[in-house]
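Residue numbers (the numbering used here): 1325 to 1607. Glycine included, every Cβ here is placed at the ideal spot set by N, Cα and C. None of the values given here were measured: they were computed from a predicted structure.
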Amino acid sequence: MAQLEDELGDILEKARDGKSWSQKDLAQSVDIALEDIRRMENYDLIPDEAVLQKLASALDLHGPSLSAIANEAWAPEEITPDPGPFDLVCLNVFMGSYPVKCYLLICRETRETAIIDTGANPEAILRKAVELNVRPSKILLTHSHPDHAGGLSTLDREYHCPTWIDPKEPRPSGSHDLRHIADGEVIELGNLRIQVIATPGHTPGGISYWVGESIISGDAIFAGSMGRANASWPGLYHSITDRLLTFPGHYRLFPGHGPATTVGEEKQHNPFFFAPATRGGRV
Ligand SMILES: [Fe+2]
């Protein structure tokens, strides 16, 4: 089973953040020892089912989904390839020991290629492009955190191509041709149309890129969890509920960390976003 980006401890911490609760607030709310909350958030304690359900209820999380993740009983099923006329190649790279994902999007007919997030290890992208016999002509950034944009200068030197980012993001260094893009705008790549979906909250100008039936979503949502709300917790929550999870259930989500998932999986198994199947989607 794929390893999730977030464990119980991360989910509790992010859910507390949504309520502006301290660990002590949570301990008092569910009437358990503060030390136990600390141990859970340090990945040192998985409580029993009754406590898990009390925690879920206090934090507005879906109890069965929280329990499944805490007990390592759920991960999204391996996704099927998008039927669109492109290849989306995922690279697992590392910033130090921290794994991060970046992507090569290739128009199958024209071979035109975009890098989506540069990661902090550009050599891996350079090698992969050679292996696939493609030469990227566009760089698209979901946000400017160093684990996502850190390889930009090396890739810019090699490919000498434009880079796109939302203007609300801190300016990443290393691009000789940095261009701004906003919600709803489209970037063409060979025969492909890549549409921008604003998904702020993790950062002020976080964006996702939608192509075919796939969305490369940066650090907005993770399989079974959500990103860290560095800019706005309600902003991030609504980016997910009002934007990403309104797509049809089979649409693929490719996060910046952890396994790929689908809209449907997250609506059935994500403790933050569990929604009955009858709630419907975009189509
Ligand atoms: Fe990030």
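Separation of residue j from residue i, as counted between CA atoms
i: R1451; j: L1415; result: 11 Å
i: T1437; j: N1395; result: 40 Å
i: E1589; j: R1576; result: 10 Å
i: L1379; j: P1388; result: 11 Å
i: A1351; j: G1498; result: 46 Å
i: E1365; j: F1597; result: 20 Å
i: A1392; j: W1398; result: 6 Å
i: K1492; j: K1591; result: 29 Å
i: R1435; j: V1458; result: 7 Å
i: G1605; j: F1571; result: Because the pLDDT of G1605 is 42, which lies under 50, any placement of that residue in the model is unreliable, and the question is left without a value.
i: P1407; j: A1599; result: 26 Å
i: A1339; j: L1385; result: 8 Å
i: W1345; j: P1595; result: 18 Å
i: S1477; j: L1456; result: 21 Å
i: D1341; j: G1475; result: 31 Å
i: D1471; j: I1356; result: 36 Å
i: L1390; j: L1332; result: 7 Å
i: D1360; j: L1465; result: 39 Å
i: Q1411; j: W1488; result: One detail in the question is off: residue 1411 reads as Asp in this sequence, not Gln. Looking at the two C-alpha atoms, the distance is approximately 20 Å.
i: T1565; j: V1535; result: 19 Å
i: G1580; j: D1501; result: 24 Å
i: R1517; j: I1540; result: 14 Å
Residue-level contact to chain B via CB, residue i, 8 Å cutoff
i: I1511; result: No chain B is part of this structure, which consists of one protein chain only.
Residue span of the beta strand (DSSP E) that contains residue i, given as start and end
i: G1542; result: 1538–1542
i: M1419; result: 1410–1419
i: Y1533; result: 1531–1535
i: A1522; result: 1516–1522
Whole-number beta carbon distance between residue j and residue i, since they are thought to touch under 8 Å
i: C1426; j: V1417; result: 6 Å
i: S1532; j: G1542; result: 6 Å
i: S1563; j: T1523; result: 4 Å
i: L1376; j: L1429; result: That belief does not hold up - the Cβ atoms of L1376 and L1429 are roughly 39 Å apart, past 8 Å.
Beta-bridge pairing of residue i - partner residues as DSSP gives them
i: T1585; result: L1577
i: S1549; result: F1546
i: W1488; result: L1464, R1503
i: I1440; result: Y1427, L1464
i: E1512; result: R1517
Endpoints, alpha helix (DSSP H) assigned at residue i
i: I1403; result: Premise fails: I1403 is in no alpha helix (DSSP H) and is neither H nor E.
i: R1459; result: Careful: R1459 lies outside any alpha helix (DSSP H) and carries neither H nor E.
i: Y1483; result: 1476–1483
i: L1336; result: 1332–1343
i: I1370; result: Looking at the DSSP string, I1370 is not in any alpha helix (DSSP H), and its letter there is neither H nor E.
i: H1472; result: 1470–1473
i: I1564; result: 1557–1566
i: I1393; result: 1387–1394
i: Q1352; result: 1347–1354
Chain-ordered residues, beta carbon under 7 Å from a heavy atom of ligand 1
H1467, H1469, D1471, H1472, H1526, T1527, G1542, D1543, G1551, G1580
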